[in-house]
Amino acid sequence: MDKRYDVYCLADRYFYDLPDRKATADELAKLAFAADSIKLPSGWIKFAKEDWTVCNPLEQQLPMQGWKIHVSATGANADAVLESVYRYCVPREISFKYLSGRHVLKNRNLKYSDRGSSGKFITIYPLDEHILRTTLEELGKELDGQEGPYILSDLRWGNGPLYVRYGGFIERHCISETGALVGAIEDDHGTLVPDRRDPVFHVPAWVTVPKFFAPHVDARKSGTTNDIPYTVERAVHFSNAGGLYEARHRESGRKVILKEARPHAGLTMDSADAVHRLRHERDILERLKGITGVPELIDYFEWGGHHFLVQEFIEGETLSKTFALRYPLNEGETDPAEAARYTEWALEVSRQTEAIVAEIHGRGIVFGDLHPFNILVSEDGKVYLIDYEVASDAEAGVKPSLVNPAFAAPADRVGFDHDHYALGCLRLSLFMPLTTLLRHDFGKAHHFVEYIRQVFPLPSGYLDEAVERITGTGWTSPARSRPETALDRIPRVTADPEQWPRLRDALGRAILCSATPSRDDRLFPGDIEQFHTGALNLQHGAAGVLLALLDAGVDFPHEYRIWLARRALTPRPQDRLGLYDGMHGVAHALLRLGDEDTARELLAVCLKEQWELLGTDLKGGLAGIGLNLLAFSEGTGDTQYLRAAELISDRLGTADSVATTSGGAHPHAGLMRGSSGAALFFLRLYERTGDREYLRLSRTALEQDLRRCVTRDNGMMHVNEGWRTMPYLATGSVGIGLVLDQYLRHDADERLVTASDAIARAASSQFYVQSDLFNGRAGIILYLAERGRTRPSEAGRAYLDRQLGLLNLHALSYEDGLAFPGEMLMRLSMDLATGNAGVLTALAVALGREHPGLPLLSAARPSGTSKTSRPVHGRGSADREGR
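End of the sequence shown = 885 in our numbering, gap-free, step of one.
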């Protein structure tokens, strides 16, 4: 799970939002640091930038990069530390910045915050090494004794809260080895390279470490694990709280687990740090000594300022991993005998888990964090519960923190009822692992039971008791009518095209009810990425949602177009350049929405940027930009855009990651970040020019992505990520298949046809964790619908019909409309990549008529039947609004 999402759930019960979004002015004032009120002298400027408050002398010109100082602090001493930095830096005209509030400081130090940036409260920018040394020595003396989290990415200066790292002073970017846009510094040849921010001190090869750092470098190297009685054999897991390690006792040879806790780091929402929780876990394990299924506490010690708990090593796998390997609905078809074997195994896991929890309750303890990652299953089938850091005394009435959202009890459950709720979720999730959706509506439990009963031969009453634990309704029989919920008033998704208008209106109603045109940071709620990459783009922003509404035939207020146009011409630092993640996509949307003037103006700005430094992919790189330029050329008749697209093709045509079958170090495959985007761009050039060299380049790029795929034992072709395989539209095999099937219209190669058929089988699974377009079932539906137009078959139609029905497993209600959860399933989303706009697009392609599909990606329709044949300037949308 991506724990970044937890903090975006704090402000709103329906949507991901900034954690302090609904804070009042008085509340924000209480979160501010006292030093915020310090008035800077004439010649200084103070301004907000994302999570930071920046203080600079107006006339000062910072170097592009160099050694910078980070200052660490806790919530308790942050005011004093910041005041010292103000008093030191301002008279000496040294630039600095600091996190804009106590809440931001806390969020940066939570258990699942980024380990590379955790602990950094203040950044100081010395102009040269003399100022660097003087600042470290003088400010270090003043701050000596102040505590703070250790900054893993930096070199510590002495024993105080000062740290140093070589890195960028001015924000610059380049493309990393993984294809991501990252912060950059110049190497010794003047080339921009990634500014590494790993959770380990790193000095670029061309940088000389100042000699006065030597004692501090030696101090960093002085501590070794030879000082403890255990030999670490393998790191199992890291978080901002510390590490989890497999180790062995040197004298006895006994294998153990070491659990590390970093002081002042890995906070929970109640501000308890990792050390506090580890001590608590030690005390809990002592109380639970002797219970079968509870690991034995062996030792507890402190080393290098960090705390370590030593417990029994259990040979086994987490239930989450074991489940993934056994779950029969991952396949296209379920054999009844296999379903029966799986049911027997799952019932035994559930029985043992409930027995262990009952014994824990017998000792007066609430486990508090029951979920499949905290359940180990040994090879002989024995079950163990691990991780007791949030366990509590039942009489204390503590609400557990750090709880898995799929098993987190509602606020009205106290004491042992926390665990009873989680045990009910476990019963359901072993057969339908979507219990995170219960956070939205307990009625989903009834929906899950209806489906589970069709597939698994479960004993009478097993699921009824689970539903009663979860809902508290007392509903215990399928023959008895259950209470009606909002879910019963939304339309069900079916394969019947006659139902499309009703589905379209229900999806559109939810989107329009969620709109916030009064906000300047976003128009529609979506994924948390909209706060990092801008809320304008196609994938997570207003552009994608408005295009989805336009193409599906859902009317929306004209002010929403104005909102997009206004914001497009006032871009912000987080706004990127690409087609799906940036301003090229916004320009495309504005053109389609009928605002050609603004679209051209925005595209002119985009073309002045250093687009040649971007990667080759479709999401944010050259392939997507090339497709947009071709669309502008066709839509406006302006040949300057075609010439710019040809420049893109020249660069892509020589890129190793695209143009060579045997070479290429590009680490990604798939539609959005792999070579399939380039393949699609070359295919469009071929369709426009007839030049077969473009067709050859398209095939070569496709073969690059197919090289990174694997055909599983069940005949499904997936993208191979090394530790997992992926079928999805954005990052998996069906995205490759979307382009491959379009290619096969021009070159019916037998080997590629075989690959296409294997990819189609990847779209037959009965279970997908998410419902969204990019990485969920909606993307599978869109792919199958597109394939039905290019390579129709009875099997493909059957797959599509089944996927449409199964989409109801994720269906939720919002304002009497049909809504779907976003990434991680914890909140609703309305964006194209992860939410309602994407589902709307997929269903429009599958059930609607003449839909143009995903922006710039779908195959051209036969002449006379395609919406893409209408003027691209949006006349069709004007007609629709005038109905």
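Where is the CB? At the ideal position from N, CA and C, for every residue including glycine.
Go ahead and pull the three-state DSSP assignment for H175.
-> In the structure shown, H175 falls within a strand segment according to DSSP collapsed to helix, strand and coil.
Does the count of Cβ pairs from the stretch 30-49 and the stretch 158-171 closer than 8 Å reach three?
-> Cβ pair count under 8 Å is below three, so no.
Which whole runs of the beta strand (DSSP E) in the stretch 39-121 are 3 residues long or more, in chain order?
-> Fully contained in the stretch 39-121 are the following beta strand (DSSP E) runs of length 3 or more, in chain order: 46-51, 54-59, 67-73 and 97-101.
Look up P459 in the DSSP assignment and say whether it is helix, strand or coil.
-> Secondary structure of P459 (DSSP, three-state): coil.
Measuring CB to CB, does S757 end up less than 8 Å from G840?
-> The sequence given here has Ala at residue 757, not Ser. Not closer than 8 Å, so no.
Segments of 4+ residues assigned as alpha helix (DSSP H) that fall wholly inside the stretch 333-383 = At a cut-off of 4 residues, the continuous stretches assigned as alpha helix (DSSP H) that sit fully inside the stretch 333-383 are 338-364.
At least 3 beta-carbon pairs within less than 8 Å: the stretch 109-124 vs the stretch 63-77 | Touching, yes, given that three or more Cβ pairs across the two stretches are closer than 8 Å.
Identify whether T733 lies in helix, strand or coil by the three-state DSSP scheme.
-> Residue state, collapsed to three classes: coil.
Let me know the secondary structure DSSP gives D803 once reduced to three states.
-> When DSSP states are grouped into helix, strand and coil, D803 belongs to the helix group.
Determine the direct distance from the alpha carbon of T345 to that of L321, and round the result to whole angstroms.
-> Going by C-alpha positions, L321 is about 15 Å away from T345.
Do the CB positions of F634 and L699 come within less than 8 Å of each other?
-> Not a contact, by the Cβ cut-off of 8 Å.
Do L704 and L649 have their CB atoms nearer than 8 Å?
-> With contacts defined as CB atoms closer than 8 Å, L704 and L649 fail to qualify as a contacting pair.
C-alpha gap between I783 and Q62, whole angstroms = Those two C-alpha atoms are separated by around 56 Å.
Tell me the DSSP bridge mates of W305?
-> Partner(s): H308.
CA-to-CA distance, V660 to E173, given in whole angstroms = Going by C-alpha positions, E173 is about 29 Å away from V660.
Is there contact between the stretch 745-765 and the stretch 684-703, where contact requires at least three CB pairs shorter than 8 Å?
-> Using a Cβ-Cβ distance cut-off of 8 Å, the stretch 745-765 and the stretch 684-703 are in contact, since at least three pairs of beta carbons, one from each stretch, lie closer than that value.
Contained beta strand (DSSP E) runs [length at least 3] in the stretch 117-159, N- to C-terminal order | Listed in chain order, the complete beta strand (DSSP E) runs (minimum 3 residues) inside the stretch 117-159 are 124-127.
Per-residue burial, P559 [other beta carbons within 10 Å of its own, 16 or more giving buried] = Flag for P559 reads exposed.
So does the stretch 311-320 actually touch the stretch 259-267, counting three or more Cβ pairs closer than 8 Å?
-> The stretch 259-267 and the stretch 311-320 touch, with three or more beta-carbon pairs separated by less than 8 Å.
Leaving out five residues on either side along the sequence, give the residues of the same chain with a beta carbon under 6 Å from the beta carbon of T270.
-> Once the five neighbours on either side are set aside, the close Cβ partners of T270 are S403 and L404.
Going by beta carbon distance, what residues of the same chain come within less than 6 Å of W46, once the five residues before and after it are set aside?
-> Here the set comprises P59.
Measure the CB-CB distance between S120 and A237 and report whether it falls below 8 Å.
-> No. Outside cutoff.
Member of M832, D658 and A78 whose CA lies at the smallest distance from the CA of G150 = Of all alpha-carbon atoms in M832, D658 and A78, the one lying nearest the alpha-carbon of G150 is that of A78.
Can you name, in chain order, every residue of its own chain whose Cβ lies under 6 Å from the Cβ of G587, other than the five neighbours on each side?
-> Same-chain partners within the cutoff: N539, L540, A545 and L581.
Out of R199, H175, R222 and G445, point me to the one whose CA is closest to R158's CA.
-> That would be R222, whose Cα lies nearest to the Cα of R158.
For the candidate residues A570, H175, R714 and G617, whose alpha-carbon lies nearest to that of A606?
-> From the listed residues A570, H175, R714 and G617, the smallest Cα separation to A606 is found for A570.
What are the start and end residues of the alpha helix (DSSP H) that includes A326?
-> Residue range L321 to R328 is occupied by the alpha helix (DSSP H) that includes A326.
Label W613 either buried or exposed according to how many other C-beta atoms from any shown protein chain fall within 10 Å of its C-beta, with 16 as the threshold for buried.
-> The residue in question, W613, is buried, as its Cβ has 16 or more Cβ neighbours within 10 Å.
Take R365 and list the residues in its own chain whose beta-carbon comes closer than 8 Å to its own, dropping the five residues that flank it on each side.
-> Closer than 8 Å at Cβ, skipping near neighbours: R289, L290 and I293.
To the nearest whole angstrom, what separates the beta carbons of L814 and L548, a pair I think is in contact under 8 Å?
-> Contact flag wrong, Cβ pair sits at about 22 Å.
Per DSSP, S254 is paired with what?
-> Paired residues: none, contrary to the question.
Where DSSP assigns a beta bridge to I259, which residues make up the other side?
-> The partner list for I259 (beta bridge, DSSP) reads E248 and Q313.
Rounded Cβ spacing between V736 and A765 (contact assumed at less than 8 Å) = The C-beta distance from V736 to A765 rounds to 6 Å, short enough to fall under 8 Å.
Below 6 Å CB to CB, which residues in the same chain sit around G855 once its five sequence neighbours on both sides are set aside?
-> The answer, listed in chain order, is V847.
From the DSSP output, which residues share a beta bridge with D19?
-> D19 pairs with nothing; no bridge assigned.
Tell me which same chain residues have a C-beta within less than 6 Å of the C-beta of P459, skipping the five on either side of it?
-> Closer than 6 Å at the Cβ level, and outside the excluded window around P459, lie A342 and T345.
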